[in-house]
């Protein structure tokens with residue numbers, strides 16, 4: 001069977017079945033946003049994300065933006081666990097004819113993001129390949145038991161997100177279709193110049209109240225579905241409360257894009273979290289103190305899957321083996 | 325300028341110039357076999373190595389051997405620092421048509437190596453790409469100040485290696501030329517089924533005597549040259565003492581391969597180390613207790629570069645951007 005027929009999720013399930021573990025592995029492959037390993041008095045968080053020219057970098061994406069994107073994608077998984085960034089590594093595949101100054105600009109984009117998140121770029125590798133390939137690795141640390149886990153949602157929790165959903169998915173759409181970006185600069189920028197919600201993730205984890213959560217890089221519905229599946233609950237969302245930007249609404253109206261498209265497509269690095277109801281105001285206030293925001297979009301109830309305004313939604317999300 | 329014109333080493337120099345660091349980074353990008361980061365009472369060691377079908381996996385290399393190779397290449401960098409393996413991550417690029425059962429066999433090879441070195445495979449990523457691409461990441465830990473560093477060699481030290489040099493380079497040659505492997509099984513096996521010198525590295529690091537060292541994946545002369553350059557010394561090697569297998573000598577004779585080819589080409593995962601003369605017997609005995617061996621092949625003297633029997637050798641090694 002071909003990899004594309006099986007799809008990314010089943011492939012991951014297949015590959016993580018029966019892997020060797022030892023007692024220091026607290027969270028292993030396929031179990032959450034990142035791995036969690038016991039390390040002295042703390043826990044080490046590790047995640048790797050790989051991207052390829054033919055799949056991930058639309059024509060016209062500047063080298064600095066490519067670098068930033070890869071760095072932020074990796075750091076975002078630390079944010080989703082609530083970890084403090086520690087360091088990053090980047091390994092490259094380059095075609096022999098690849099332009100050195102373009103490569104230097106990619107590194108510049110990576111390094112700027114590393115500085116922004118205090119996640120110094122400490123190593124990696126460079127090899128010959130058929131296309132530009134960049135594998136990023138983010139390492140972080142977190143106090144024992146503090147990690148935000150996909151499996152922590154409980155019936156009665158509040159569901160919340162850290163910011164607006166859907167801008168980046170539309171931004172990518174605009175770039176892929178080669179549309180003029182002028183009028184939709186904010187949407188395109190959300191795709192090209194993303195931010196990882198590290199401060200928000202840290203603030204939530206430090207409350208140490210067993211929050212659930214992950215980032216929304218594969219779409220809100222998919223992420224909500226993952227939390228529901230891993231926690232054995234249902235996430236019931238209220239459509240009116242999901243924050244969508246004026247620009248995204250306008251673009252969707254003008255181009256006949258259904259709102260569910262925004263909620264079902266990725267590239268946002270916002271977090272979706274679930275928080276114990278009685279702790280929600282306290283956590284929201286900590287996130288605001290850290291300079292972020294936390295917007296309630298629904299509730300955790302008994303059951304399974306994801307509801308929006310009481311109707312069940314598909315949570316398949318974006319499958320990177322079949323994309324675009 | 326094209327990447328291949330600049331070459332791998334200059335490219336790395338370019339990309340690591342001016343990277344952001346913070347005080348927790350003890351060894352950063354381009355400074356040694358792996359990065360070293362302060363983490364509580366210990367130090368975290370991290371390394372990433374990336375490989376591509378078109379560059380690294382000769383025709384006929386079995387999927388299990390591909391998996392093992394990538395895992396061992398990464399774990400070997402932990403060995404070269406003297407670290408204990410902690411965990412590994414692997415990120416994949418797969419063509420959509422890639423066969424799932426072949427992928428499962430690659431994972432099997434990886435997992436077997438992870439078990440062998442107690443370096444559990446804890447995460448990674450899978451994306452669509454033009455060719456099979458595998459990025460491995462090895463994480464390890466080491467006591468404060470114990471790391472074997474490339475810059476630690478001092479005039480008067482003994483130069484030693486942990487095993488035979490050149491088998492793997494010939495094994496690769498045999499595979500690339502499509503020669504029958506029957507008679508040269510041992511050489512081919514050295515390439516296909518390598519071992520990382522973790523026990524040896526650990527034994528040396530635990531002696532805590534400021535040893536220098538690295539692995540020999542880019543050739544003995546290159547590695548000797550790196551230690552010489554980073555330490556500001558000259559490594560003077562004695563040709564007769566360099567351990568070369570009977571099979572390698574025989575193949576070289578029959579096929580008119582110069583001995584320097586064995587010493588100038590990579591794919592061996594043996595370590596080259598330099599040890600204070602008065603400590604050498606003690607360290608050798610610890611390495612032997614751990615089940616390994618340490619063979620003196622020369623001495624560190626004042627000066628620079630690498631000498632063999634008193635004559636200067638080129639230390640350019642293997643450049644993976646220009647290979648094969």
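Residue numbers (my numbering), protein chains in the order written: chain A, 1 to 324; chain B, 325 to 648. Just so it is clear, CB atoms sit at the ideal spot from N, CA and C, and this is done for glycine as well.
Using the Cα positions of residue i and residue j, report the straight-line distance between them to the nearest angstrom.
{"i": "residue 437 of chain B", "j": "residue 4 of chain A", "result": "27 Å"}
{"i": "residue 165 of chain A", "j": "residue 220 of chain A", "result": "8 Å"}
{"i": "residue 62 of chain A", "j": "residue 243 of chain A", "result": "29 Å"}
{"i": "residue 572 of chain B", "j": "residue 374 of chain B", "result": "28 Å"}
{"i": "residue 357 of chain B", "j": "residue 547 of chain B", "result": "10 Å"}
{"i": "residue 623 of chain B", "j": "residue 533 of chain B", "result": "17 Å"}
{"i": "residue 240 of chain A", "j": "residue 295 of chain A", "result": "12 Å"}
{"i": "residue 291 of chain A", "j": "residue 284 of chain A", "result": "11 Å"}
{"i": "residue 527 of chain B", "j": "residue 121 of chain A", "result": "29 Å"}
{"i": "residue 90 of chain A", "j": "residue 337 of chain B", "result": "14 Å"}
{"i": "residue 270 of chain A", "j": "residue 196 of chain A", "result": "7 Å"}
{"i": "residue 108 of chain A", "j": "residue 117 of chain A", "result": "14 Å"}
{"i": "residue 465 of chain B", "j": "residue 408 of chain B", "result": "5 Å"}
{"i": "residue 57 of chain A", "j": "residue 518 of chain B", "result": "36 Å"}
{"i": "residue 323 of chain A", "j": "residue 416 of chain B", "result": "Confidence at residue 323 of chain A is low in this model, with a pLDDT of 43, below 50, so its placement is unreliable and the value that follows should be read with caution. C-alpha separation (whole angstroms): 15 Å."}
{"i": "residue 377 of chain B", "j": "residue 281 of chain A", "result": "52 Å"}
{"i": "residue 310 of chain A", "j": "residue 236 of chain A", "result": "7 Å"}
{"i": "residue 355 of chain B", "j": "residue 306 of chain A", "result": "49 Å"}
{"i": "residue 412 of chain B", "j": "residue 462 of chain B", "result": "5 Å"}
{"i": "residue 66 of chain A", "j": "residue 180 of chain A", "result": "20 Å"}
{"i": "residue 540 of chain B", "j": "residue 516 of chain B", "result": "16 Å"}
{"i": "residue 396 of chain B", "j": "residue 134 of chain A", "result": "21 Å"}
{"i": "residue 254 of chain A", "j": "residue 263 of chain A", "result": "18 Å"}
{"i": "residue 511 of chain B", "j": "residue 20 of chain A", "result": "29 Å"}
{"i": "residue 190 of chain A", "j": "residue 70 of chain A", "result": "14 Å"}
Mapping DSSP to helix, strand and coil, what is residue i?
{"i": "residue 352 of chain B", "result": "coil"}
{"i": "residue 181 of chain A", "result": "coil"}
{"i": "residue 539 of chain B", "result": "strand"}
{"i": "residue 332 of chain B", "result": "helix"}
{"i": "residue 35 of chain A", "result": "strand"}
{"i": "residue 452 of chain B", "result": "strand"}
{"i": "residue 323 of chain A", "result": "Confidence is the limiting factor: at residue 323 of chain A the pLDDT is only 43, short of 50, which leaves the residue's position unreliable and the question unanswerable from this model."}
{"i": "residue 138 of chain A", "result": "strand"}
{"i": "residue 314 of chain A", "result": "coil"}
{"i": "residue 585 of chain B", "result": "helix"}
{"i": "residue 274 of chain A", "result": "strand"}
{"i": "residue 297 of chain A", "result": "strand"}
{"i": "residue 557 of chain B", "result": "coil"}
{"i": "residue 457 of chain B", "result": "strand"}
{"i": "residue 308 of chain A", "result": "strand"}
{"i": "residue 478 of chain B", "result": "coil"}
{"i": "residue 166 of chain A", "result": "coil"}
{"i": "residue 656 of chain B", "result": "Here chain B covers residues 325 to 648 and nothing more, so residue 656 of chain B does not appear."}
{"i": "residue 326 of chain B", "result": "strand"}
{"i": "residue 203 of chain A", "result": "helix"}
{"i": "residue 171 of chain A", "result": "helix"}
{"i": "residue 576 of chain B", "result": "helix"}
{"i": "residue 548 of chain B", "result": "helix"}
{"i": "residue 471 of chain B", "result": "coil"}
{"i": "residue 196 of chain A", "result": "coil"}
{"i": "residue 326 of chain A", "result": "This structure cannot speak to residue 326 of chain A, because chain A is shown only from 1 to 324."}
{"i": "residue 288 of chain A", "result": "helix"}
{"i": "residue 511 of chain B", "result": "helix"}
{"i": "residue 241 of chain A", "result": "helix"}
Under the assumption that residue i contacts residue j (Cβ atoms under 8 Å), give the Cβ distance between them as a whole number of angstroms.
{"i": "residue 536 of chain B", "j": "residue 472 of chain B", "result": "7 Å"}
{"i": "residue 371 of chain B", "j": "residue 136 of chain A", "result": "Between residue 136 of chain A and residue 371 of chain B the Cβ distance is about 14 Å, and since that is not below 8 Å, they are no contact."}
{"i": "residue 126 of chain A", "j": "residue 94 of chain A", "result": "6 Å"}
{"i": "residue 277 of chain A", "j": "residue 185 of chain A", "result": "At roughly 39 Å, the Cβ-Cβ gap does not stay under 8 Å, so residue 277 of chain A and residue 185 of chain A are not in contact."}
{"i": "residue 230 of chain A", "j": "residue 151 of chain A", "result": "4 Å"}
{"i": "residue 168 of chain A", "j": "residue 268 of chain A", "result": "5 Å"}
Please identify, using Cβ separations under 8 Å, the residues of the segment 43–69 of chain A that lie next to chain B, in order along the chain.
Within the segment 43–69 of chain A, the residues whose Cβ lies closer than 8 Å to some Cβ of chain B are 44, 46, 47, 48, 49, 50, 51, 52, 54, 55, 56, listed in chain order.
Fully enclosed by the segment 356–433 of chain B, which beta strand (DSSP E) runs are 3 residues long or longer?
If we require 3 residues or more, the beta strand (DSSP E) runs fully inside the segment 356–433 of chain B come out as 359–363, 366–376, 408–418.
Please list, in chain order, the residues of the segment 464–480 of chain B that have any C-beta partner in chain A closer than 9 Å.
Identification of residues in the segment 464–480 of chain B having a C-beta nearer than 9 Å to some C-beta of chain A yields 465, given in sequence order.
By the 7 Å beta-carbon criterion, what residues does the segment 429–458 of chain B contribute toward chain A?
Here the close residues are 431, 435, 438, 439, 442, 444, 445, 446, 447, 448, 449, 450, 451, 452, 453, 454, 455, 457.
Name, going along the chain, the residues of the segment 86–100 of chain A whose beta-carbon falls closer than 8 Å to a beta-carbon of chain B.
Listed by position along the chain: 86, 87, 89, 90, 91, 92, 93, 94, 95, 96, 97, 98, 99, 100.
Which residues of the segment 200–217 of chain A have a Cβ closer than 7 Å to any Cβ of chain B? Give them in chain order.
The residues in question: there are none.
With 7 Å as the limit, tell me which residues of the segment 596–611 of chain B have their beta carbon closer than that to any beta carbon of chain A; keep them in chain order.
Contacts with chain A (Cβ-Cβ distance below 7 Å) from the segment 596–611 of chain B involve no residue at all.
May I ask you to list, following chain order, the residues of the segment 331–351 of chain B that have a beta carbon less than 8 Å from some beta carbon of chain A?
Of all residues in the segment 331–351 of chain B, 332, 335, 336, 338, 339, 342, 343, 344, 345, 346, 348, 349, 351 have a Cβ within less than 8 Å of some Cβ in chain A.
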